[in-house]
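For what it's worth, the working numbering labels the leading residue of the sequence shown as 328, then goes sequentially.
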Amino acid sequence: MAKELTSRKENYSQWYNDLVTKAELAENSSVRGCMVIKPYGFAIWEKIRDALDKMFKDTGHVNAYFPMMIPKSFFSKEASHVEGFAKECAVVTHYRLKNDPSGKGVVVDEDAKLEEELVLRPTSETIIWNTYKNWIQSYRDLPILINQWANIVRWEMRTRLFLRTAEFLWQEGHTAHATREEALEETYRMIDVYGSFAENFMALPVIKGKKSVNERFAGAIDTFCIEALMQDGKALQSGTSHFLGQNFAKAFDVRFLNKEGKLDYVWATSWGVSTRLIGALIMAHSDDDGLILPPKLAPTHVVIIPIHKSAEQLAAISEKAVLIKKELEGRGLSVKYDNSDTQKPGWKFAQYELKGIPVRLAIGPRDLENNTVEIARRDTLEKKTIPVNGLAEQVITLLDDIQNNIYNKALDFRNKNTFRVDTWEEFKEIIETKGGFVSAHWDGTAETELKIKDETKATIRCIPIHNEREEGRCIYTGKPSGQRVLYGLAY
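Shown next as structure tokens:
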């Protein structure tokens with residue numbers, strides 16, 4: 328068979344790894360900790376990238392590109408930033424190789440040592456704010472609303488394809504503003520963009536919230552995030568938006584003449600999502616038969632498979648299939664007609680279920696006689712025979728239904744796995760036996776947060792933005808608390 332996946336119930340982690348490799352999304356590379364994103368995986372990333380890029384441009388942002396090598400001294404200018412990333416940085420120390428005198432390949436040329444080492448970007452705030460200093464003199468130069476599509480290097484020791492690799496793809500927005508209010512508005516706007524993308528394109532329900540001090544981005548005043556729940560009950564941070572205040576402007580002396588004619592430091596934000604969103608798609612929606620992709624992000628919407636016993640039957644079916652393909656493509660759908668003779672129809676059915684193609688059409692000799700097709704949906708595996716007349720409308724309606732069904736299924740799962748607790752014993756029991764999101768009171772101190780993490784491995788995923796104030800007692804210390812926070816085990 329085309330697919331042989333470990334079941335989720337048997338070993339969720341192995342199921343994930345099996346699916347990533349057998350669906351030909353990615354594989355480990357010869358560079359430790361790095362991955363090769365294969366064409367099908369990259370096609371999904373392109374769909375994500377194109378949808379987000381339009382959303383960014385619709386909110387006034389433009390794309391640019393900055394160097395991936397950053398002078399080491401830049402990281403020393405913002406203290407909390409360097410502290411947060413120092414242990415993950417890969418460093419370029421030399422600029423040349425030479426032949427090994429022993430004749431065994433090449434070695435680093437000791438005489439080619441750089442005057443200053445260069446860090447492969449773990450994030451780009453420093454290089455970008457050093458550049459912005461040359462661009463900003465007056466309030467008339469603001470705001471700057473720039474996004475960059477790039478690769479990132481963070482030296483990870485324990486890696487998992489898409490979720491955590493030493494090098495990954497992402498986008499990072501970096502904006503500059505004249506006032507605190509404008510920068511905060513941008514911070515909230517972009518977490519709303521991410522939330523909208525996750526729910527409307529990924530069919531992934533998310534909770535928007537603010538990170539605790541321990542969990543926020545190094546160098547930020549506040550970090551906002553979207554958190555999603557995976558099928559194994561673990562949380563996945565799926566996007567972040569940071570209010571940087573004037574920290575980086577002060578570090579790089581980026582000042583401007585404001586409307587009152589006074590010099591002031593620029594206000595900043597940064598925000599980003601990465602290829603870990605592909606991991607989120609897999610873990611939130613897929614099943615033991617393979618990928619389940621939301622139609623809005625599926626590289627192929629429809630696959631057509633002929634069922635035949637003779638060359639004459641195949642020729643007649645192909646004539647019909649090509650017409651159907653052309654009609655569907657005319658409606659903006661991506662369609663594959665697989666008339667290859669290397670595998671039987673049953674194998675193809677399994678293969679395209681594995682790859683998560685939302686809709687499958689099968690055409691046999693009897694369908695030709697009756698002017699029908701068999702249509703199957705990937706999310707439920709339901710199939711039925713329908714007339715060819717009006718097929719395009721039915722397929723489009725079905726794709727919309729699949730998109731909504733995938734979202735509602737994920738939302739129902741999250742709702743059933745979100746728990747409110749008021750005692751420490753309840754909290755520990757839920758974390759140990761059920762997982763999911765746990766809503767609980769916290770006294771607001773970093774000390775308590777770290778003690779809870781040490782004892783249970785659960786972290787504060789976020790302080791939900793839309794939570795109403797609710798007086799209570801911290802589950803750990805019993806001290807007063809004014810709001811519940813969301814805990815969970817996380818990737």
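Ideal Cβ positions, reconstructed from N, Cα and C, are used throughout, including at glycine.
Original post:
According to the neighbour-count rule (16 or more other Cβ atoms, all chains shown, within 10 Å of its Cβ), is Q670 buried or exposed?
Top reply: It is exposed - the Cβ of Q670 has fewer than 16 other Cβ atoms within 10 Å.
**OP:** Could you give the DSSP three-state label for L590: helix, strand or coil?
**Re:** strand
**OP:** Compute the Euclidean distance between the alpha carbons of A503 and F551, then round it to the nearest angstrom.
**Re:** So the two alpha carbons sit approximately 18 Å from each other.
Subject >> Rounded C-alpha distance that separates D599 from D770 >> reply: Per the sequence shown, the amino acid found at residue 599 is Gly instead of Asp. Taking the straight line joining both Cα atoms gives about 30 Å.
Original post:
Thinking C-alpha only, which one of Q721, G762, V748 is nearest R741?
Top reply: G762
Original post:
According to DSSP, is S565 helix, strand or coil?
Top reply: Assigned with DSSP and collapsed to three states, S565 falls in strand.
Original post:
Going by DSSP, which residues form a beta bridge with R487?
Top reply: R491
**OP:** For A611, name the three-state secondary structure that DSSP assigns.
**Re:** DSSP places A611 within a helical segment (H, G or I) once states are collapsed to three.
**OP:** Assess, as a yes-or-no matter, whether the segment 356-363 is touched by the segment 483-493 under the definition of 3 or more beta carbon pairs within less than 8 Å.
**Re:** yes
Original post:
Distance, Cα to Cα, T772 vs Y367?
Top reply: 45 Å
Subject >> Buried versus exposed call for E798 [16 or more other C-beta atoms within 10 Å across all chains shown] >> reply: exposed
Original post:
For Q730 versus P626, is the C-beta spacing smaller than 7 Å?
Top reply: In this structure, P626 does not lie closer than 7 Å to Q730 by Cβ.
**OP:** Kindly indicate which three-state DSSP category S766 falls into: helix, strand or coil?
**Re:** Per DSSP, reduced to three states, the secondary structure at S766 is strand.
Original post:
Start and end of the beta strand (DSSP E) containing D549?
Top reply: 549-556
Original post:
In terms of residue numbering, what span does the beta strand (DSSP E) encompassing P672 cover?
Top reply: Where P672 is concerned, there is no enclosing beta strand (DSSP E), although the alpha helix (DSSP H) it sits in stretches over 672-681.
Original post:
Which residues in the same chain have their Cβ closer than 7 Å to the Cβ of S597, if we skip the five residues on either side of it in sequence?
Top reply: Cβ within range, chain order: E452, E499, G500, H501, H569, L571.
Subject >> P622 in three-state terms, based on DSSP >> reply: In this structure, P622 counts as helix in the three-state DSSP scheme.
**OP:** Could you tell me how far apart the beta carbons of K710 and I702 are, in whole angstroms, since I believe they sit closer than 8 Å?
**Re:** 6 Å
Subject >> Through-space distance from A817 to K743, alpha-carbon basis >> reply: For K743 and A817, the distance between alpha carbons rounds to 18 Å.
Subject >> CA-to-CA distance, Q558 to L726, given in whole angstroms >> reply: Those two C-alpha atoms are separated by around 23 Å.
Original post:
Under the three-state reduction of DSSP, which class applies to S403: helix, strand or coil?
Top reply: helix
Original post:
Looking at the structure shown, is A578 part of a helix, part of a strand, or coil, going by DSSP?
Top reply: helix
Original post:
Which ranges does the beta strand (DSSP E) cover as unbroken runs of at least 3 residues, wholly within the segment 500-556, from first to last along the chain?
Top reply: 534-537, 549-556
Original post:
Can E654 and A719 be called in contact, C-beta distance under 7 Å?
Top reply: yes
Subject >> Reduced DSSP secondary structure (H/G/I, E/B, other) of H408 >> reply: helix
Original post:
From what residue to what residue does the alpha helix (DSSP H) around I454 run?
Top reply: 452-462
**OP:** Starting from the C-beta of L777, find all residues in its chain whose C-beta is less than 8 Å away, skip the five residues before and the five after it, and write them out in chain order.
**Re:** N541
**OP:** Measure how close the beta-carbons of N666 and S645 come, nearest whole angstrom, since I'm counting them as under 8 Å.
**Re:** 6 Å
Original post:
Is it the case that the Cβ atoms of L441 and M396 are separated by a distance below 7 Å?
Top reply: no
Original post:
When the distance is taken between beta carbons, is P685 closer than 7 Å to H628?
Top reply: yes
**OP:** Identify whether K384 lies in helix, strand or coil by the three-state DSSP scheme.
**Re:** helix
Original post:
CB I479 to CB W456, shorter than 7 Å?
Top reply: Contact: no.
Original post:
What whole-angstrom Cβ distance do L346 and I605 have, given they're in contact under 8 Å?
Top reply: With a beta-carbon spacing of about 11 Å, L346 and I605 fall beyond the 8 Å limit used to define contacts.
Original post:
How far does the alpha helix (DSSP H) with E701 in it reach, from first residue to last?
Top reply: Taken as a continuous stretch (DSSP letters only), E701 belongs to no alpha helix (DSSP H), being part of the beta strand (DSSP E) at 699-704.
**OP:** In the DSSP assignment, find the unbroken beta strand (DSSP E) run with V347 in it and report its ends.
**Re:** First-last for V347: 339-349, but that is the alpha helix (DSSP H), not the beta strand (DSSP E).
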